[in-house]
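Chemist: The structure under discussion is supplied below as structure tokens; questions concerning it will follow.
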Amino acid sequence: MNVFVGRPAVVVLGAGDVGSAVALALHRAGLAVVLCDEADPSWSRRGMAFTNAWYLGSAELDGDAAMFCASVKSIPLVLDGHRLIAATTWSWRGVARA
């Protein structure tokens with residue numbers, strides 16, 4: 022776990038329903054969360070996960086939101102307000118180096 026934008030940060034791999042639930046729980050616990058998945062992740066229950074962020078730029082799940090970050094440089098800006106989960110296609114290694 023790294024400190025990212027002034028608070029502990031975690032990377033969650035996979036934006037399906039399980040990954041999204043984990044990301045949501047960690048976000049609500051006060052951690053900075055980066056959700057990583059492949060480009061255009063397929064998921065049959067997209068309304069039950071943050072996968073819409075990859076298609077629409079943002080997604081809402083149970084009152085919290087994720088925003089897609091095409092550039093690793095935009096991740097700190099998204100996380101800075103403590104209100105959003107960052108969603109990206111960057112590898113977890115690339116995010117960790119940022």
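Going by the working numbering, the sequence shown opens with residue 22, and the numbers climb by one from there.
The beta-carbon is built from N, C-alpha and C at its ideal position, and this holds for glycine as well.
(1) Kindly indicate which three-state DSSP category residue 52 falls into: helix, strand or coil?
(2) Candidates 115, 106 and 112: which alpha carbon is nearest residue 48's?
(3) Evaluate residue 27 with the Cβ neighbour count: other Cβ atoms within 10 Å of its Cβ, from every protein chain shown; 16 or more gives buried, anything less gives exposed.
(4) What residues match up with residue 72 in a beta bridge as DSSP calls it?
(5) Please report the Cβ distance between residue 36 and residue 71, rounded to the nearest whole angstrom; I am assuming they are in contact, meaning their Cβ atoms lie under 8 Å.
(6) Output yes or no for whether 7 Å exceeds the beta carbon distance between residue 87 and residue 108.
Modeler: Checking against the coordinates, here is how it stands:
(1) DSSP places residue 52 in coil when its eight states are reduced to three.
(2) In terms of CA proximity to residue 48, 106 leads the group 115, 106 and 112.
(3) Counting the other CB atoms within 10 Å of its CB gives residue 27 a total below 16, which places it among the exposed residues.
(4) None, per the DSSP bridge assignment.
(5) Between the beta-carbon of residue 36 and that of residue 71 there is about 5 Å, and that keeps the pair under the 8 Å contact cut.
(6) Going by beta carbons, residue 87 and residue 108 fall inside the 7 Å limit.
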